[in-house]
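In order, the protein sequences belong to chains U and D. Residue numbers for the first sequence follow full-length UniProt numbering, beginning at 1 and rising by one. Residue numbers for the second sequence follow full-length UniProt numbering, beginning at 1 and rising by one.
Number of protein chains: 2
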Amino acid sequence: MDATGTPQEPGTPADGRPAAERAGTAERVADTLRARISEGAFPPGSRLSEEAVGGDLGVSRNTLREAFRLLVRERLLVHELNRGVFVRVPTDADVEDIHRTRRLVESAALRGLGRPPYPLEGLVDAVVDGERAALNDDWPAVSTANIRFHLALVALAGSARTDELMRGVLAELRLALHPVADARALHEPYLAGNREILAALGAGDRDAAERLLDRYLDDSHAQVTAARARHRPPSPAD
Amino acid sequence: MDATGTPQEPGTPADGRPAAERAGTAERVADTLRARISEGAFPPGSRLSEEAVGGDLGVSRNTLREAFRLLVRERLLVHELNRGVFVRVPTDADVEDIHRTRRLVESAALRGLGRPPYPLEGLVDAVVDGERAALNDDWPAVSTANIRFHLALVALAGSARTDELMRGVLAELRLALHPVADARALHEPYLAGNREILAALGAGDRDAAERLLDRYLDDSHAQVTAARARHRPPSPAD
DNA sequence: AGGTAGGCGATTGTTCAACAATCCAACAAG
DNA sequence: CTTGTTGGATTGTTGAACAATCGCCTACCT
Chain U
1 MDATGTPQEP GTPADGRPAA ERAGTAERVA DTLRARISEG AFPPGSRLSE EAVGGDLGVS
61 RNTLREAFRL LVRERLLVHE LNRGVFVRVP TDADVEDIHR TRRLVESAAL RGLGRPPYPL
121 EGLVDAVVDG ERAALNDDWP AVSTANIRFH LALVALAGSA RTDELMRGVL AELRLALHPV
181 ADARALHEPY LAGNREILAA LGAGDRDAAE RLLDRYLDDS HAQVTAARAR HRPPSPAD
Chain D
1 MDATGTPQEP GTPADGRPAA ERAGTAERVA DTLRARISEG AFPPGSRLSE EAVGGDLGVS
61 RNTLREAFRL LVRERLLVHE LNRGVFVRVP TDADVEDIHR TRRLVESAAL RGLGRPPYPL
121 EGLVDAVVDG ERAALNDDWP AVSTANIRFH LALVALAGSA RTDELMRGVL AELRLALHPV
181 ADARALHEPY LAGNREILAA LGAGDRDAAE RLLDRYLDDS HAQVTAARAR HRPPSPAD
């Protein structure tokens with residue numbers, strides 16, 4: 001009946017969340033919804049009806065509403081009183097704020113590094129995965145690997161709270177990128193960029209890495225904004 | 001019956017949250033609980049019974065549970081499955097991570113400043129309020145002003161997401177500080193420190209401000225940790 | 001014809017009551 | 001003293017009910 005509906009158990013929620021303690025139904029539902037949103041099953045702007053989603057996932061309205069609250073707080077959903085919850089539609093101002101935050105945090109993570117060598121395993125893995133995905137023309141996977149690269153970069157600062165901030169911000173960025181179809185032109189350039197940053201860090205040259213990162217963020221912001229403008233629904237004013 | 005219970009409407013939630021859109025019952029309950037926790041009505045470690053709190057505030061269990069989820073996500077409460085929600089008891093590791101985050105973000109906020117002059121109104125207000133509160137021996141208010149000072153400092157970076165991170169982190173810090181009774185020894189030294197930082201910024205000397213801030217954070221971490229150790233329940237291992 | 005008030009269906013907001021699952025402390029048995 | 005059991009209390013989750021609100025459609029009035 002509800003073949004796709006029963007919320008399967010994501011041993012580890014696949015997004016990297018530690019899942020410190022046993023999960024209740026609400027958080028499992030939230031995990032499921034988070035995954036569906038980020039993979040585009042619910043495009044930005046779409047409404048999530050309590051009845052429809054609840055029936056689909058096989059949970060009651062009350063439990064579902066608890067899950068909604070969680071996702072609203074992570075800015076994946078917005079809640080309009082008496083109108084329901086919608087998948088967030090990030091604005092250009094959001095994209096700008098996201099990049100401001102990234103610049104602040106990622107730069108600071110590099111600047112705070114001590115003396116080399118640095119523990120770069122996470123970065124290496126992300127770069128390798130990204131390049132492999134590119135060979136397979138799997139551009140969503142390239143995007144995921146890119147996000148993992150920057151998460152690993154922030155992880156060098158060694159702060160759980162900062163990591164979580166970044167996880168949220170990058171999830172938002174993915175949301176902002178969703179309407180862009182041809183992910184290739186958008187993600188391909190950064191494969192080389194990430195490898196360069198990694199190489200600089202491997203050589204112990206923190207300052208060079210910071211300069212590269214700064215350029216990366218400038219490029220990213222410009223590219224993302226341009227791509228979004230290109231893919232904006234044709235101006236409805238005729 | 002529930003004289004103190006009825007959740008009054010906090011026009012603006014007093015904590016500085018913008019309250020972008022109309023608030024539902026759950027978020028109002030969350031605001032009330034947040035206030036009560038930060039003012040110590042619910043000390044860290046205490047359990048929040050659904051029945052008791054729900055009856056006190058005059059809301060149903062379901063609505064209350066929605067509010068609980070919100071506060072769990074901001075790390076003010078912890079949720080143990082089938083056991084209920086408890087006011088968070090920050091560990092020394094938490095205090096360390098909090099300071100790591102503060103150092104990362106606050107330093108980056110200063111470093112990202114452009115050319116002087118800087119918009120320092122928020123910082124000035126916080127310093128003035130703090131000094132006035134000190135004259136009145138109102139040390140909790142001094143603590144609040146100190147938090148406002150550092151929030152204003154981060155606000156110089158101009159990122160809403162960063163501001164929100166900091167709001168949460170500083171609320172956690174207040175929680176970690178709660179068991180410490182004599183707030184005076186803890187907060188008094190920072191009055192002068194904050195004024196120094198403000199003076200450096202007023203003079204346009206960003207680097208000096210950064211050095212002062214760094215020293216402040218070192219001091220703060222050491223002092224907070226020491227004070228917490230002093231006020232820890234006598235070690236039960238004999 | 002056109003704008004407006006009002007009605008109506010659908011959805012959310014909130015509460016209530018019920019039952020299952022789990023925990024915990026007290027107690028009984030070995 | 002340890003172990004197992006039992007029973008009460010609390011949370012987890014559901015389903016149903018009703019109020020409040022929204023958006024649309026229609027009928028009415030000018």
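From the three backbone atoms N, C-alpha and C, an ideal C-beta is built for every residue, glycine too. Computed from a prediction, not measured in an experiment: that's the story for all the values here.
Nearest to U:Glu39 by C-alpha distance, out of U:Thr225, U:Ala93, U:Val180, U:Asp218, is U:Val180. With fewer than 16 other CB atoms across the displayed protein chains lying within 10 angstroms of its CB, D:Ala226 is exposed. Using a Cβ distance threshold of 9 Å, D:Arg34 and U:Leu70 do not count as a contacting pair.
Within the segment 134–221 of chain D, the runs of alpha helix (DSSP H) at least 4 residues long that lie entirely inside it are, in chain order, 139–155, 160–177, 183–202.
Exclusion of the five residues before and after D:Ser49 leaves Gly84 as the residues of its chain whose Cβ lies within less than 8 Å of its Cβ.
In this structure, DSSP gives U:Arg65 a helical state, which the three-state scheme calls helix.
The beta carbon of U:Val105 sits closer than 9 Å to some beta carbon of chain D. Taking 9 Å as the threshold, the shortest C-beta distance from U:Asp182 to chain D does not fall below it.
Every unbroken stretch of the alpha helix (DSSP H) spanning 4 or more residues and falling wholly within the UniProt domain "HTH gntR-type" (23–90) of chain U is given here in chain order: 25–38, 50–57, 61–73. Within 7 Å of the CB of U:Val169, the CB atoms of chain D belong to Arg161, in sequence order along the chain.
DSSP, reduced to helix, strand and coil, places D:Arg103 within a helical segment of the structure shown. Straight through space, the alpha carbons of U:Arg88 and U:Thr63 are spaced by roughly 21 Å. U:Pro140 places its beta carbon less than 9 Å from that of U:Ala183.
Straight-line measurement puts the Cα of U:Ala134 at about 18 Å from the Cα of U:Arg174. The residues Leu156, Arg206, in chain order, have a CB closer than 7 Å to that of U:Leu113 in the same chain once the five nearest residues on each side in sequence are set aside. Between D:Leu186 and D:Thr101, the C-beta spacing is not below 9 Å. Taking a C-beta distance under 9 Å as the contact criterion, D:Glu210 and D:Ser107 qualify as a contact pair. Less than 9 Å separates the beta-carbon of U:Val95 from that of U:Arg228. Around the Cβ of D:Ala93, a 10 Å sphere holds fewer than 16 other Cβ atoms; the residue is exposed. Looking at U:Ile37, U:Asn82, U:Leu76, U:Ala26, the one whose alpha-carbon comes closest to that of U:Gly58 is U:Ala26. The straight-line gap separating the alpha-carbon atoms of D:Pro116 and U:Asp137 is approximately 48 Å. At a cut-off of 9 Å between C-beta atoms, D:His79 counts as an interface residue with respect to chain U. Annotated three-state conformation of D:Gly130 is helix, per DSSP. A distance below 9 Å separates the beta carbons of U:Leu151 and U:Arg167. In summary, U:Thr144 is buried, with 16 or more beta-carbon neighbours lying within 10 Å of its beta-carbon over all protein chains present. The three-state secondary structure of U:Leu123, taken from DSSP, is helix.
If the five residues before and after U:Ala126 are omitted, its C-beta is found closer than 6 Å to the C-beta atoms of Ala145, Arg148, Phe149, Ala152, all from its own chain and listed in chain order. U:Leu217 sits close to U:His99, with the two beta carbons spaced by under 9 Å. Restricting attention to U:Leu110, U:Gly130, U:Ile37, the CA atom closest to the CA of U:Phe86 is found in U:Ile37. Each of U:Leu104, U:Leu177, U:Asp219, U:Asn82 was checked against the Cα of D:Ser159, and the nearest Cα belongs to U:Leu104.
The shortest C-alpha to C-alpha distance from U:Asp31 to any of U:Ala171, U:Glu121, U:Gly130, U:Ala109 is the one to U:Ala171. Taking a 10 Å sphere around the C-beta of D:Ser220, we find 16 or more other C-beta atoms and assign the residue as buried. Using a Cβ distance threshold of 9 Å, U:Leu81 and D:Gly24 count as a contacting pair. Taking 8 Å as the cut-off between beta carbons, none of the residues of the segment 204–218 of chain U comes near chain D. Scanning its chain for C-beta atoms nearer than 6 Å, with the 5 sequence neighbours on each side dropped, one finds around D:Tyr190 the residues Asn146, in chain order.
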